[in-house]
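In the numbering used here, the protein residues as written are 12 to 485.
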């Protein structure tokens, strides 16, 4: 059999598992970088930033770079290869964080944050594609669930290490960036030895030394029973490749708008809350340490939300409760505003708000495999990634502007507005999901069966599907 059939139907080996674990580690750097600036703003010396608007712009700088990277640099993975792009971007992300730690003023730090964001924003789509292309059909859903946890794990690490490093280095904000640079360099080194090139990319592009490189991948993955000269008639992803036209049909137009824009509205709420929580708590309590603790608790809530989503999906459809979970998140953040003076209750509600919000945000991209024809899924996910990153740029800056004339704790209650709007999208998507047929995922070693979504049928046991999902986001 050819190499693609072997990957799709064979049991996943240690080399594949190691590569996916390396990709997981790389994606945690995305979450780490998004949160790190929010944790460090309270530690910047007096005069480094002049007002809340500048603070908001500084918080948005990295996210702006991520949006630009997703749009401009990520497509290079389809031209020069997943592995080369990932190695280059992890290295440049490490360099960017090193430069952030060496900055002497606000302008330098703003530019360095944009540069770092460019690398990280392009890295996530390349990682997601490589993980999908190295996973077999039976395990792809499990890999997706684990992969989505990587981002909130990174945010949690950002909070945990900010508390420890600030205590150890006398509140020196540069220590966190140097630590992030070390993480990036370590990730680049591990990736060099662990990540193979995507066989699907090699077969599609036929680059220089094609057969030699394909043989190296087969050897690295230790694929048994592969005819090295066999070629699939056409790759599944090539055959199904398409564009915007597939998203404009009568059955896909509405879901496309919801999946792209209401997911992005949810991302707006995520950045609105997460980037400012440490600063607000630090100002209200008079303790930068308390701000870091609050941000860490929020990060812990988001990690728990991703785990709950993965576990819940094993037995039940997460889409059925998608809208309700987002309503619960909105209610939790309103509760934070109302109970802010009662520290214990506010921290519990912050964690619950993060849990429900992360559960809800994963639900939007997870519907793509069911709601759209295969030839259009990459298109909708690409649009989703770019628009959501753009919304992420706007959120911290908008919140910073509002802080000039309103009480800081009100920002938590205001986050309920976009979250509630997104909950309506969750209800709408569930109304469409009920009419879809799930894919049948074969046992490892069995023939592949792929049932296409169809209207007018029931049974959306969505935990059984193999997905072509891009998580980031967030």
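Note that CB positions come from ideal geometry on N, CA and C, so glycine has one too.
Handout entry: Cβ-Cβ distance between residue 201 and residue 141 below 8 angstroms
Key = Here residue 201 refers to the residue found at position 190 of the chain shown. Here residue 141 refers to the residue found at position 130 of the chain shown. No.
Exercise for the section: Out of 335, 340, 75, 308, point me to the one whose CA is closest to residue 355's CA. Expected result: Along the chain shown, one-based indexing puts residue 355 at 344. Measuring from the Cα of residue 355, the nearest candidate turns out to be 308.
Exercise for the section: State the Cα-Cα distance for the pair residue 465 and residue 420, rounded to the nearest angstrom. Expected result: Residue mapping note: residue 465 aligns to position 454 of the chain shown, counting from 1. Residue mapping note: residue 420 aligns to position 409 of the chain shown, counting from 1. Model confidence at residue 465 stands at a pLDDT of 36, short of 50, so the residue's coordinates are unreliable and nothing is read from them.
Exercise for the section: Count the other C-beta atoms from every protein chain shown that fall within 10 angstroms of the C-beta of residue 266, then say buried if there are 16 or more, exposed otherwise. Expected result: Residue 266 sits at position 255 when you count from the first residue of the chain shown. Burial of residue 266 is indicated by the presence of at least 16 other C-beta atoms within 10 angstroms of its C-beta.
Practice task
Within the same chain, show all residues whose beta-carbon is closer than 6 angstroms to that of residue 470, passing over the 5 residues directly before and after it, in chain order.
Solution key: Position 459 of the chain shown, counted from the start, is the residue given in the question as residue 470. Note that residue 470 scores a pLDDT of 29, beneath 50, so its modelled location is shaky; the value from the coordinates is reported in the next line. Contacts found: none.
Practice task
Flag this pair as touching only if the segment 343 to 358 and the segment 408 to 416 have three or more C-beta atom pairs under 8 angstroms; answer yes or no.
Solution key: Three or more beta-carbon pairs separated by less than 8 angstroms are not found between the segment 343 to 358 and the segment 408 to 416, which leaves the two stretches without contact.
Exercise for the section: Rounded to whole angstroms, what's the CA-CA distance from residue 453 to residue 212? Just pull it up for me. Expected result: Locating residue 453 in the chain shown gives position 442, counting from the first residue. Locating residue 212 in the chain shown gives position 201, counting from the first residue. Its pLDDT being 47, under 50, residue 453 is placed unreliably in this model, and the coordinates cannot settle the point.
Practice task
Taking 8 angstroms as the cut-off, decide whether the C-beta atoms of residue 273 and residue 433 are in contact.
Solution key: Numbered from 1 along the chain shown, position 262 holds the residue referred to as residue 273. Numbered from 1 along the chain shown, position 422 holds the residue referred to as residue 433. If you check the CB distance, residue 273 and residue 433 come in under 8 angstroms.
Problem - As assigned by DSSP and simplified to three states, the class of residue 232 - result: Taking the chain shown and counting its residues from 1, one reaches residue 232 at position 221. Under the three-state reduction of DSSP, residue 232 is assigned to helix.
Exercise for the section: Measure from the alpha carbon of residue 228 to the alpha carbon of each residue in 442, 15, 445, 444, then state which is nearest. Expected result: Indexing the chain shown from 1 puts residue 228 at position 217. Considering only alpha carbons, the answer is 15.
Practice task
Determine the DSSP secondary structure at residue 350, reduced to helix, strand or coil.
Solution key: In the chain shown, residue 350 corresponds to position 339, counting from 1. Coil.
Practice task
Check each candidate in 175, 130, 125 and name the one with the smallest Cα separation from residue 303.
Solution key: Translated into positions along the chain shown, residue 303 becomes position 292. Taking the Cα of residue 303 as reference, the smallest distance to any Cα among 175, 130, 125 is reached at 175.
Practice task
Work out the CA separation of residue 295 and residue 109 for me, nearest whole Å.
Solution key: Your numbering for residue 109 matches position 98 in the chain shown. Your numbering for residue 295 matches position 284 in the chain shown. Cα to Cα, the separation comes out at about 31 angstroms.
Practice task
Label residue 57 either buried or exposed according to how many other C-beta atoms from any shown protein chain fall within 10 Å of its C-beta, with 16 as the threshold for buried.
Solution key: Counting from 1 along the chain shown, the entry for residue 57 is found at position 46. The Cβ neighbour count for residue 57, taken over all protein chains shown within 10 Å, is under 16; the residue is labelled exposed.
Problem - Complete alpha helix (DSSP H) runs within the segment 25 to 82 (minimum length 4 residues, chain order) - result: As far as the segment 25 to 82 is concerned, its whole alpha helix (DSSP H) runs of at least 4 residues are 25 to 51.
Problem - Delimiting residues of the alpha helix (DSSP H) encompassing residue 87 - result: Locating residue 87 in the chain shown gives position 76, where the first residue counts as 1. No alpha helix (DSSP H) holds residue 87; DSSP gives it neither H nor E.
Problem - Exposure label - residue 113; buried when at least 16 CB within 10 Å - result: In the chain shown, residue 113 corresponds to position 102, counting from 1. With fewer than 16 Cβ atoms within 10 Å of its Cβ, residue 113 is classed as exposed.
Problem - Beta-carbon gap between residue 286 and residue 371 smaller than 8 angstroms - result: Here residue 286 is taken as the residue at index 275 of the chain shown, counted from 1. Here residue 371 is taken as the residue at index 360 of the chain shown, counted from 1. In this structure, residue 371 does not lie closer than 8 angstroms to residue 286 by Cβ.
Practice task
Verify whether the separation of the beta carbon atoms of residue 363 and residue 17 is less than 8 angstroms.
Solution key: Taking the first residue of the chain shown as 1, we reach residue 363 at position 352. Taking the first residue of the chain shown as 1, we reach residue 17 at position 6. For residue 363 and residue 17, no; Cβs fall outside 8 angstroms.
Exercise for the section: Spatial neighbours of residue 208 within its chain, please: CB distance less than 7 angstroms, with the 5 preceding and 5 following residues excluded, ordered by chain position. Expected result: As a working mapping, residue 208 is identified with position 197 in the chain shown. 92, 93, 94, 224, 228.
Problem - Three-state class that DSSP yields for residue 95 in the structure shown - result: Locating residue 95 in the chain shown gives position 84, where the first residue counts as 1. DSSP, reduced to helix, strand and coil, places residue 95 within a helical segment of the structure shown.
Exercise for the section: Report all residues from its chain with a CB closer than 7 angstroms to the CB of residue 331; omit the five preceding and five following residues, and keep chain order. Expected result: In the chain shown, the residue the question calls residue 331 occupies position 320. Residues 441 of the same chain have their beta carbon placed closer than 7 angstroms to that of residue 331, with the five preceding and five following residues left out of the count.
Exercise for the section: Say whether chain D places a C-beta atom closer than 8 angstroms to the C-beta of residue 13. Expected result: The structure shown contains no chain D, having only a single protein chain.
Practice task
Assign residue 275 to buried or exposed, taking buried as 16 or more other Cβ atoms, counted over all protein chains shown, within 10 Å of its Cβ.
Solution key: Numbered from its first residue, the chain shown carries residue 275 at position 264. Residue 275 is buried by the Cβ-count criterion.
Practice task
Measure the alpha-carbon distance for residue 119 versus residue 324 and round it to whole angstroms.
Solution key: Counting from one through the chain shown, the residue named residue 119 turns up at place 108. Counting from one through the chain shown, the residue named residue 324 turns up at place 313. For residue 119 and residue 324, the gap between their C-alpha atoms comes out near 45 angstroms.
Handout entry: Classification of residue 75 by the beta-carbon crowding that lies within 10 angstroms, buried from 16 upward
Key = Walking along the chain shown from the start, residue 75 turns up at place 64. Classification of residue 75: buried, given that the 10 Å Cβ count is 16 or more.
Problem - Distance, residue 406 Cα to residue 315 Cα - result: The count along the chain shown starts at 1 and reaches residue 315 at position 304. The count along the chain shown starts at 1 and reaches residue 406 at position 395. Straight across, the Cα-Cα distance linking residue 315 with residue 406 is about 23 angstroms.
Practice task
Measure the Cβ-Cβ separation of residue 222 and residue 145 and say whether it is below 8 angstroms.
Solution key: Counted from its first residue, the chain shown places residue 222 at position 211. Counted from its first residue, the chain shown places residue 145 at position 134. Taking a C-beta distance under 8 angstroms as the contact criterion, residue 222 and residue 145 do not qualify as a contact pair.
Problem - residue 226, DSSP secondary structure in three states - result: What you label residue 226 is simply residue 215 of the chain shown in a count that begins at 1. Note: residue 226 maps to helix in three-state DSSP.
Practice task
List in chain order: all unbroken alpha helix (DSSP H) runs of 4+ residues lying wholly within the segment 99 to 156.
Solution key: Counting only runs that start and end inside the segment 99 to 156, the alpha helix (DSSP H) elements of at least 4 residues fall at 117 to 145.
Handout entry: Spatial distance of residue 402 from residue 236 (CA atoms)
Key = For the purposes of this step, residue 402 is taken as residue 391 along the chain shown, with counting starting at 1. For the purposes of this step, residue 236 is taken as residue 225 along the chain shown, with counting starting at 1. Cα-Cα distance, rounded: 47 angstroms.
Handout entry: Classification of residue 177 by the beta-carbon crowding that lies within 10 angstroms, buried from 16 upward
Key = For the purposes of this step, residue 177 is identified with residue 166 of the chain shown, where counting begins at 1. By the 10 Å Cβ count, residue 177 comes out buried.
Handout entry: Coil, strand or helix - residue 207 by DSSP
Key = Translated into positions along the chain shown, residue 207 becomes position 196. Coil, per DSSP.
Handout entry: Inter-residue spacing [alpha-carbon to alpha-carbon] between residue 188 and residue 129
Key = Here residue 188 corresponds to residue number 177 of the chain shown, with the count starting at 1. Here residue 129 corresponds to residue number 118 of the chain shown, with the count starting at 1. So the two alpha carbons sit approximately 16 angstroms from each other.
Problem - residue 351 burial status per 10 Å Cβ neighbour count (16 or more: buried) - result: Within the chain shown, numbered from 1, the residue matching residue 351 stands at position 340. When all chains shown are included, residue 351 counts as buried.
Handout entry: Test item: CB-CB of residue 100 and residue 133 under 8 angstroms
Key = Along the chain shown, read from residue 1 onward, the residue named residue 100 stands at position 89. Along the chain shown, read from residue 1 onward, the residue named residue 133 stands at position 122. For the pair residue 100 and residue 133, the CB atoms are nearer than the 8 angstroms cut-off.
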